[in-house]
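Residue numbers (the working numbering): 9 to 148.
Even for Gly, the Cβ is constructed at its ideal location relative to N, Cα and C.
Just below is one structure, and these are the notes that go with it.
Written out as structure tokens, the structure reads:
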């Protein structure tokens with residue numbers, strides 16, 4: 009279990025690093041289509057990997073079968089693996105992912121810019137919560 013969890017977390021963090029590198033570039037401009045593609049694709053991947061991680065943890069802990077992505081995070085909240093703040097933040101990321109995948113042409117890049125400048129920490133916080141749970145299980 010630990011290896012799969014750490015591989016998923018590593019994948020999430022690689023996506024976030026790609027976004028952060030784009031933000032640091034002198035030529036960063038959210039209106040540039042290539043930059044938009046890199047950022048949205050990596051946000052979408054980070055969201056999907058987080059969903060996959062939540063689903064995996066729910067399955068491994070025998071918490072039932074979530075019918076939706078949000079329900080997977082809800083089950084983690086119910087077991088106090090994540091906080092209500094983690095839950096709300098990841099629920100928002102699921103919504104963003106759904107728009108990015110299904111309604112790409114209607115993405116509001118002001119929201120994307122807000123997310124990449126202010127909300128990437130939500131992914132790191134989620135990862136930390138999962139690692140804490142994993143550590144607790146290893147030593148209890």
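- Message: Do residue 58 and residue 20 have their beta-carbon atoms positioned less than 7 Å apart in this structure?
- Response: In contact: residue 20 and residue 58 (Cβ atoms closer than 7 Å).
- residue 90: first and last residue of the uninterrupted alpha helix (DSSP H) it sits in: Where residue 90 is concerned, there is no enclosing alpha helix (DSSP H), given that its DSSP letter is neither H nor E.
- Message: Please classify residue 75 as buried or exposed, where buried requires at least 16 neighbouring CB atoms within 10 angstroms.
- Response: Exposed is the call here.
- Query: Considering only residues of the stretch 73-117, which uninterrupted alpha helix (DSSP H) runs meet the minimum length of 4 residues and lie entirely inside it, listed in chain order?
  - Reply: Qualifying alpha helix (DSSP H) stretches, in chain order: 77-86, 92-110.
- Task: Report yes if the C-beta distance between residue 27 and residue 50 is below 7 Å; otherwise report no.
- Result: A contact, by the Cβ cut-off of 7 Å.
- Message: Assuming the contact rule is C-beta atoms closer than 8 Å, residue 89 and residue 137 should be a hit. Round their C-beta distance to whole Å, please.
- Response: The pair is a contact, with the Cβ atoms about 6 Å apart (cut-off 8 Å).
- Identify which residue in 22, 53, 47 has its Cα closest to the Cα of residue 125. Each of 22, 53, 47 was checked against the Cα of residue 125, and the nearest Cα belongs to 47.
- Task: Please report the Cβ distance between residue 60 and residue 98, rounded to the nearest whole angstrom; I am assuming they are in contact, meaning their Cβ atoms lie under 8 Å.
- Result: Cβ-Cβ separation between residue 60 and residue 98: approximately 12 Å, too far for a contact (criterion under 8 Å).
- Apply the 10 Å Cβ neighbour rule to residue 140 and answer buried if 16 or more other Cβ atoms are within range, or exposed otherwise. Here residue 140 is exposed, its C-beta having fewer than 16 other C-beta atoms within 10 Å.
- Item | residue 38 vs residue 30 beta-carbon contact at 7 Å | Residue 38 is not a Cβ neighbour of residue 30, given a cutoff of 7 Å.
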